[in-house]
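Trainee: Would you mind keeping the following structure in view while I ask a few things?
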Amino acid sequence: MQILGAVWWRTWLKTARRPVVLTFSFVQPIMWILFFGFLFQRFDIGLVLHGVRYLDFLVPGVCAMTVLFGASQSGIGLIRDMQTGFLQRLFASPANPGVVLCGKLLADVVRLLAQATVIGLLGLVVGAKLHLTLAGLGASLLALGLFAIAFCSLSCVVAMKTGAQESMATFVHLVNMPLLFTSSALVPARQMPDWLAAISRVNPLTLAVDASRDALLFGEFGSLGRALMLLAAVGTVLLAIAWTTATGLRREN
Amino acid sequence: MLTSEYGTDAETAVVARALTKRYANGVVALDQLDLDIGRAGIMALIGNNGSGKTTLLKLLAGLLTPNSGSAQTLGCDLATQPISLRRRIGYVSQAVELDPEMTGQETLSLFATLHGLPRATRHARVAALAESFGLAEHLPRSVSTYSGGLRQRLHLALGVLHEPELLLLDEPTAALDPAGRSFVWHLLQRFRNEGRTVVVASHDLAEVSQHCQGIALLHRGRALATGSPAEVVAAHASWRLEIEMARLVEDNDDLPLQLRSLSGVKEVTACGRQLVANFAERDAAAVERVKDQVIRHLASRSESLLGYRLHPPDLASAYFNLTGAPIEETVPRARAEPGKGTNGRHKSK
Numbered sequence: 270m271q272i273l274g275a276v277w278w279r280t281w282l283k284t285a286r287r288p289v290v291l292t293f294s295f296v297q298p299i300m301w302i303l304f305f306g307f308l309f310q311r312f313d314i315g316l317v318l319h320g321v322r323y324l325d326f327l328v329p330g331v332c333a334m335t336v337l338f339g340a341s342q343s344g345i346g347l348i349r350d351m352q353t354g355f356l357q358r359l360f361a362s363p364a365n366p367g368v369v370l371c372g373k374l375l376a377d378v379v380r381l382l383a384q385a386t387v388i389g390l391l392g393l394v395v396g397a398k399l400h401l402t403l404a405g406l407g408a409s410l411l412a413l414g415l416f417a418i419a420f421c422s423l424s425c426v427v428a429m430k431t432g433a434q435e436s437m438a439t440f441v442h443l444v445n446m447p448l449l450f451t452s453s454a455l456v457p458a459r460q461m462p463d464w465l466a467a468i469s470r471v472n473p474l475t476l477a478v479d480a481s482r483d484a485l486l487f488g489e490f491g492s493l494g495r496a497l498m499l500l501a502a503v504g505t506v507l508l509a510i511a512w513t514t515a516t517g518l519r520r521e522n
Numbered sequence: 122m123l124t125s126e127y128g129t130d131a132e133t134a135v136v137a138r139a140l141t142k143r144y145a146n147g148v149v150a151l152d153q154l155d156l157d158i159g160r161a162g163i164m165a166l167i168g169n170n171g172s173g174k175t176t177l178l179k180l181l182a183g184l185l186t187p188n189s190g191s192a193q194t195l196g197c198d199l200a201t202q203p204i205s206l207r208r209r210i211g212y213v214s215q216a217v218e219l220d221p222e223m224t225g226q227e228t229l230s231l232f233a234t235l236h237g238l239p240r241a242t243r244h245a246r247v248a249a250l251a252e253s254f255g256l257a258e259h260l261p262r263s264v265s266t267y268s269g270g271l272r273q274r275l276h277l278a279l280g281v282l283h284e285p286e287l288l289l290l291d292e293p294t295a296a297l298d299p300a301g302r303s304f305v306w307h308l309l310q311r312f313r314n315e316g317r318t319v320v321v322a323s324h325d326l327a328e329v330s331q332h333c334q335g336i337a338l339l340h341r342g343r344a345l346a347t348g349s350p351a352e353v354v355a356a357h358a359s360w361r362l363e364i365e366m367a368r369l370v371e372d373n374d375d376l377p378l379q380l381r382s383l384s385g386v387k388e389v390t391a392c393g394r395q396l397v398a399n400f401a402e403r404d405a406a407a408v409e410r411v412k413d414q415v416i417r418h419l420a421s422r423s424e425s426l427l428g429y430r431l432h433p434p435d436l437a438s439a440y441f442n443l444t445g446a447p448i449e450e451t452v453p454r455a456r457a458e459p460g461k462g463t464n465g466r467h468k469s470k
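This is how it looks when you write it as structure tokens:
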């Protein structure tokens, strides 16, 4: 537990020492809310979701998108540590490399959830209407948290396997855009072509967005159980792969 | 201290038997290596780049897995107990692996936690260590502002933070100024005096001769000689005469062969303007006679000399006699073929 806390604290220290990166990570989602929110102001989403404006619909989607974009870059910190040799040194200590990695992942997930919360609040400021309850917020954060664990783990696996910034850039571009545009983050699945809607239904981002949106817009939790179960399964598998990769890295560093 | 019996005991820190490490690219870094390292001493691994020093240290630290063979460190089998061993071993890599964005204090505190130091004593241990490494006043600063020497000190401090029984160091003095080197060797002596075992890879034979109780001479993944520096020198080294010629000695020059044919000369190598003649004789008077004979032969050929110097037997000579390559050469193994000359030096036997 102390090891988890020590690595968690180190990750936060490094985040705080790079305020430009942290600030910039807010700029992109705010632009999405402002540009998409007002660009599609007249988009009648009420056809499929009664009494909901596009801006209301968009805000939970952009919150999830913030988590997706942030999580996919989680491995960049590991690559910096690999390049300085610091990761090898961390893994050469008696601490379990899996626990060391989990400390970093935990800090990243908490940061991403905090960012998503701030983006949600900014959505309220620009006029989005959400059905805010403690249960709804909790359910939303839980779904986004599981999604963050899964994609932070995947990003870290790519980082540890490749050890190259270029690979991370390729990964971010290859994964983020397809995942975003085949999800219900920006458009309801019912308004997509059938083939795209079919992809959307198995997209983990859709699971997180729909669970979060149902909870935040309507106070409904019907889709929550299935979404959490599937996200937990994806998260567990990817976290296990990340754990194994970290342990393997120690043996051959 | 070196032992010859298989198995670790109270006096043996490391026992390696037929240890082999082959990397994925096919390079055989360790080839059936046998080595014993006694406790409470400083053992130096000497050898050229690619001789297997770093691989051996990483294997002993549990950071690499051997392809075959066995190694016991501090009585534990490396294959089955690598985690418990880590608390008893300190490994200091050749590269200084630090996070430039962290302060010295944060770095030491983080690793104190990772090594499982009790919370109650952690702060005191970090403070004491910083004091003894001359880091105390620098701890609040970011590592990115440290000089090279300060970084090396912090790097070393991390290796001994948990007071390991066995300290493995990979060329710790390579990038240091004389004061820094002196500091490191003083530290290692202190460790030895505390009853700990130190294994250090080094290229500096003078330092090794001065500070180490044992050496293992590695070449192509094998230990060619082990013992105290004096024992290795006595067994394998010879007197040598270094001659600085006024002209370049070409590869096809017959001069080395002619000198080799003189009585008492074991082998001759040439590198640029330098000729090195290794003598078979060990008696000082006999060595003087062979030297005079060599100089007379050069005079008979009307060779112009810039100077010459007679060296008593030392580790460099032992290394050369055992491997056929000078210790300072840095040619990768794939290109270094014994007998054909390396680093521009050719040898006449």
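Which chain is which? The protein sequence lines are P and H, in order.
Just so you know, we're using the working numbering here: the first sequence kicks off at 270 and counts up by one.
Just so you know, we're using the working numbering here: the second sequence kicks off at 122 and counts up by one.
Ideal placement from N, C-alpha and C gives every residue a C-beta, glycine not left out.
Keep in mind it's a predicted model, so treat the numbers as computed, not measured.
If you count every other CB in all the chains shown that lies within 10 Å of the CB of Tyr127(H), and 16 or more means buried, which is it?
Mentor: As a position in the second sequence, residue 127(H) is number 6, starting the count at 1. Bear in mind that the predicted position of Tyr127(H) carries a pLDDT of just 37, short of 50, making it too unreliable to give a figure here.
Trainee: Alpha carbon to alpha carbon, how far is Ser492(P) from Thr451(P)?
Mentor: Walking along the first sequence from the start, residue 492(P) turns up at place 223. Walking along the first sequence from the start, residue 451(P) turns up at place 182. Between Ser492(P) and Thr451(P), the C-alpha separation is close to 19 Å.
Trainee: What whole-angstrom Cβ distance do Arg272(H) and Leu219(H) have, given they're in contact under 8 Å?
Mentor: Start at 1 with the first residue of the second sequence, and residue 272(H) comes out as number 151. Start at 1 with the first residue of the second sequence, and residue 219(H) comes out as number 98. Contact flag correct, Cβ pair sits at about 6 Å.
Trainee: Measure from the C-beta of Gly392(P) to each C-beta in chain H and report whether the shortest distance is under 7 Å.
Mentor: Against the first sequence, residue 392(P) aligns to sequence position 123. Chain H, which has no Cβ nearer than 7 Å to the Cβ of Gly392(P), makes this no.
Trainee: Tell me where the beta strand (DSSP E) around Met270(P) begins and ends.
Mentor: As a first step, residue 270(P) is located in the first sequence; it is residue number 1 there, counting from the start. Here Met270(P) belongs to no beta strand (DSSP E), and DSSP marks it neither H nor E.
Trainee: For a test of the three-state rule: what should DSSP assign to Met223(H), helix, strand or coil?
Mentor: The residue you call residue 223(H) lines up with position 102 of the second sequence. In this structure, Met223(H) counts as coil in the three-state DSSP scheme.
Trainee: Round the Cβ separation of Leu260(H) and Thr224(H) to the nearest angstrom and send it over; I've been treating them as touching at under 8 Å.
Mentor: Reading the second sequence from its first residue, position 139 is the one you call residue 260(H). Reading the second sequence from its first residue, position 103 is the one you call residue 224(H). With a beta-carbon spacing of about 7 Å, Leu260(H) and Thr224(H) fall inside the 8 Å limit used to define contacts.
Trainee: Smallest Cα separation from Met249(P): which of Ala275(P), Gly320(P), Gly407(P), Met300(P)?
Mentor: The structure shown does not extend to residue 249(P), since chain P spans only 270 to 522, so no value can be given for it.
Trainee: Could you give the C-beta distance for Val247(H) and Leu288(H), rounded to a whole number, given that I count them as a contact under 8 Å?
Mentor: In the second sequence, residue 247(H) corresponds to position 126, counting from 1. In the second sequence, residue 288(H) corresponds to position 167, counting from 1. Wrong, their Cβ atoms sit about 18 Å apart, outside the cutoff.
Trainee: Report yes or no: is there a C-beta of chain P within less than 7 Å of the C-beta of Leu140(H)?
Mentor: Taking the second sequence and counting its residues from 1, one reaches residue 140(H) at position 19. No, because no Cβ of chain P sits closer than 7 Å to the Cβ of Leu140(H).
Trainee: Alpha carbon to alpha carbon, how far is Asp198(H) from Asp435(H)?
Mentor: Residue numbering aside, residue 198(H) sits at position 77 when the second sequence is read from its first letter. Residue numbering aside, residue 435(H) sits at position 314 when the second sequence is read from its first letter. Between Asp198(H) and Asp435(H), the C-alpha separation is close to 36 Å.
Trainee: According to a CB-to-CB cut-off of less than 8 Å, which residues of the region 216-245 of chain H neighbour chain P?
Mentor: Only those residues of the region 216-245 of chain H whose C-beta falls short of 8 Å from the nearest C-beta of chain P are listed: Ala216, Val217, Glu218, Leu219, Asp220, Pro221, Glu222, Met223, Glu227, Ser230, Leu231, Phe232, Thr234, Leu235, His236, Gly237, Arg240.
Trainee: Could you name the residues of the same chain whose beta carbon sits closer than 8 Å to that of Leu383(H), not counting the 5 residues immediately before and after it, in chain order?
Mentor: By 1-based counting over the second sequence, the position of residue 383(H) is 262. Val411, Gln414, Val415, His418.
Trainee: Below 8 Å on C-beta distance, what does Thr353(P) contact in chain H?
Mentor: For the purposes of this step, residue 353(P) is taken as the residue at position 84 of the first sequence. The answer, in chain order, is Glu218, Leu219, Asp220, Pro221.
Trainee: Taking Arg313(H) as the query, report the chain P residues whose CB atoms sit under 7 Å from its CB, ordered along the chain.
Mentor: Working through the second sequence from its first residue, we reach residue 313(H) at position 192. Within chain P, no residue comes near Arg313(H); the closest Cβ sits about 23 Å away, beyond 7 Å.
Trainee: Got a sec? Which residues, its chain only, sit under 6 Å from Thr280(P) by beta carbon, not counting five neighbours each side?
Mentor: Position 11 of the first sequence, counted from the start, is the residue given in the question as residue 280(P). Lys373, Ala376, listed in sequence order.
Trainee: Contact check, Leu347(P) vs Cys425(P) under 8 Å by CB: the rounded distance?
Mentor: For the purposes of this step, residue 347(P) is taken as residue 78 along the first sequence, with counting starting at 1. For the purposes of this step, residue 425(P) is taken as residue 156 along the first sequence, with counting starting at 1. Contact holds; Cβ gap of about 6 Å.
Trainee: Given that Thr477(P) touches chain H, what residues does it touch there, using C-beta distances under 9 Å?
Mentor: If you number the first sequence from 1, residue 477(P) lands on position 208. The amino acid occupying residue 477(P) in the given sequence is Ala; Thr does not appear at that position. Within 9 Å Cβ-Cβ: nothing; Ala477(P) doesn't reach chain H, min ~31 Å.
Trainee: Check each candidate in Gly342(H), Trp306(H), Ala346(H), Arg311(H) and name the one with the smallest Cα separation from Gln331(H).
Mentor: Numbered from 1 along the second sequence, position 210 holds the residue referred to as residue 331(H). Among Gly342(H), Trp306(H), Ala346(H), Arg311(H), the Cα nearest to that of Gln331(H) is on Trp306(H).
Trainee: Kindly indicate which three-state DSSP category Phe326(P) falls into: helix, strand or coil?
Mentor: Position 57 of the first sequence, counted from the first residue, corresponds to residue 326(P). Three-state DSSP puts Phe326(P) in a helix.
Trainee: According to DSSP, simplified to helix, strand and coil, what is Gly191(H)?
Mentor: Taking the second sequence and counting its residues from 1, the one referred to as residue 191(H) is at position 70. One detail in the question is off: residue 191(H) reads as Ser in this sequence, not Gly. The answer is strand: DSSP assigns Ser191(H) an E or B state.
Trainee: Which word fits Ala511(P), buried or exposed, when buried means at least 16 other C-beta atoms lie within 10 angstroms of its C-beta?
Mentor: In the first sequence, the residue the question calls residue 511(P) occupies position 242. Buried, since its Cβ has 16 or more Cβ neighbours within 10 Å.
Trainee: What residues are listed by DSSP as bridge partners for Cys197(H)?
Mentor: By one-based count along the second sequence, residue 197(H) stands at place 76. Paired residue(s): Thr194(H).
Trainee: Give me the residue from Leu362(H), Leu378(H), Ile210(H) with the minimum Cα distance to Glu402(H).
Mentor: Indexing the second sequence from 1 puts residue 402(H) at position 281. Out of Leu362(H), Leu378(H), Ile210(H), Leu362(H) has the C-alpha closest to the C-alpha of Glu402(H).
Trainee: Under 7 Å between C-beta atoms, does Tyr212(H) make it to chain P?
Mentor: By 1-based counting over the second sequence, the position of residue 212(H) is 91. By this cut-off, Tyr212(H) is an interface position.
Trainee: Ala182(H) touches chain P at which residues, Cβ-Cβ below 8 Å?
Mentor: Here residue 182(H) refers to the residue found at position 61 when the second sequence is read from its first residue. Result: Ala361.
Trainee: Does the beta-carbon of Pro462(P) have 16 or more other beta-carbons within 10 angstroms, so that it is buried, or is it exposed?
Mentor: Position 193 of the first sequence holds residue 462(P). Exposed: under 16 other Cβ atoms inside 10 Å.
Trainee: In chain order, which alpha helix (DSSP H) runs of at least 4 residues are fully inside the region 319-403 of chain H?
Mentor: 326-332, 350-357, 376-381
Trainee: Relative to the C-alpha of Ala515(P), which candidate in Leu381(P), Leu465(P), Leu356(P) has its C-alpha closest?
Mentor: In the first sequence, residue 515(P) corresponds to position 246, counting from 1. The residue with the shortest Cα to Cα distance from Ala515(P) is Leu356(P).
Trainee: Take Thr505(P) as the anchor and find which of Gly414(P), Ala484(P), Thr386(P) has the nearest alpha-carbon.
Mentor: For this step, residue 505(P) is matched to residue 236 along the first sequence. Looking at the Cα atoms, Gly414(P) is the closest of the given residues.
Trainee: Starting from Ile163(H), trace the beta strand (DSSP E) in both directions and tell me its first and last residue.
Mentor: Within the second sequence, residue 163(H) is the residue found at index 42, counting from 1. Annotation for Ile163(H): the continuous beta strand (DSSP E) segment containing it runs 163-167.
Trainee: Who are Asp377(P)'s beta bridge partners in DSSP?
Mentor: As a first step, residue 377(P) must be located in the first sequence, where it is residue number 108. According to DSSP, Asp377(P) bridges with nothing at all.
Trainee: What's the call for Thr133(H), buried or exposed, on a 16-neighbour Cβ count within 10 Å?
Mentor: Sequence index remark: in the second sequence, residue 133(H) carries index 12 (1-based). With 16 or more other Cβ atoms within 10 Å, it is buried.
Trainee: Which residues mark the beginning and the end of the beta strand (DSSP E) in which Ile158(H) is found?
Mentor: Within the second sequence, the letter at position 37 stands for residue 158(H). That run of the beta strand (DSSP E) goes 149-159.
Trainee: Within this structure, are the beta carbons of His340(H) and Gly168(H) separated by less than 7 Å?
Mentor: Mapped onto the second sequence, residue 340(H) falls at position 219. Mapped onto the second sequence, residue 168(H) falls at position 47. Yes, Cβ-Cβ distance for His340(H) and Gly168(H) is below 7 Å.
Trainee: Helix, strand or coil for Ser172(H), going by three-state DSSP, please let me know.
Mentor: The residue you call residue 172(H) lines up with position 51 of the second sequence. Ser172(H) carries a coil assignment under DSSP once its states are collapsed to helix, strand and coil.
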